[in-house]
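Q:
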């Protein structure tokens with residue numbers, strides 16, 4: 180369970196790094212206006228926030244399922 184959470188966190192960090200690198204390269208290469216770059220960064224941030232929320236929800240669901248299974252299967256915890 181801890182390993183799965185660690186892998187998820189590593190994947191999220193890697194995605195963040197990749198997105199940041201993409202933003203840096205786009206801002207460095209193209210000579211676009213600041214408004215478009217800001218819009219792009221805001222969109223990326225929103226997508227990252229949505230992904231983080233979904234990951235957190237999935238992790239919470241998994242934790243709840245594990246807790247429920249252990250609580251139901253272990254008779255010592257019931258009483």
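Residue numbers (the working numbering): 180 to 258. Here a beta-carbon is modelled for each residue, glycine too, at the ideal position from N, C-alpha and C.
Spatial neighbours of residue 198 within its chain, please: CB distance less than 6 Å, with the 5 preceding and 5 following residues excluded, ordered by chain position.
A: By one-based count along the chain shown, residue 198 stands at place 19. Once the five neighbours on either side are set aside, the close Cβ partners of residue 198 are 223.
Q: Measure the C-alpha to C-alpha separation of residue 247 and residue 240 and round it to an integer number of angstroms.
A: On the chain shown, position 68 is the one that residue 247 refers to. On the chain shown, position 61 is the one that residue 240 refers to. In a straight line, the C-alpha of residue 247 is about 10 Å away from that of residue 240.
Q: Measure the Cβ-Cβ separation of residue 191 and residue 234 and say whether it is below 8 Å.
A: Indexing the chain shown from 1 puts residue 191 at position 12. Indexing the chain shown from 1 puts residue 234 at position 55. In contact: residue 191 and residue 234 (Cβ atoms closer than 8 Å).
Q: What distance in whole Å lies between the Cβ atoms of residue 227 and residue 195, which are believed to be in contact at a cut-off of 8 Å?
A: If you number the chain shown from 1, residue 195 lands on position 16. If you number the chain shown from 1, residue 227 lands on position 48. Rounded, the Cβ-Cβ distance is 6 Å, consistent with contact.
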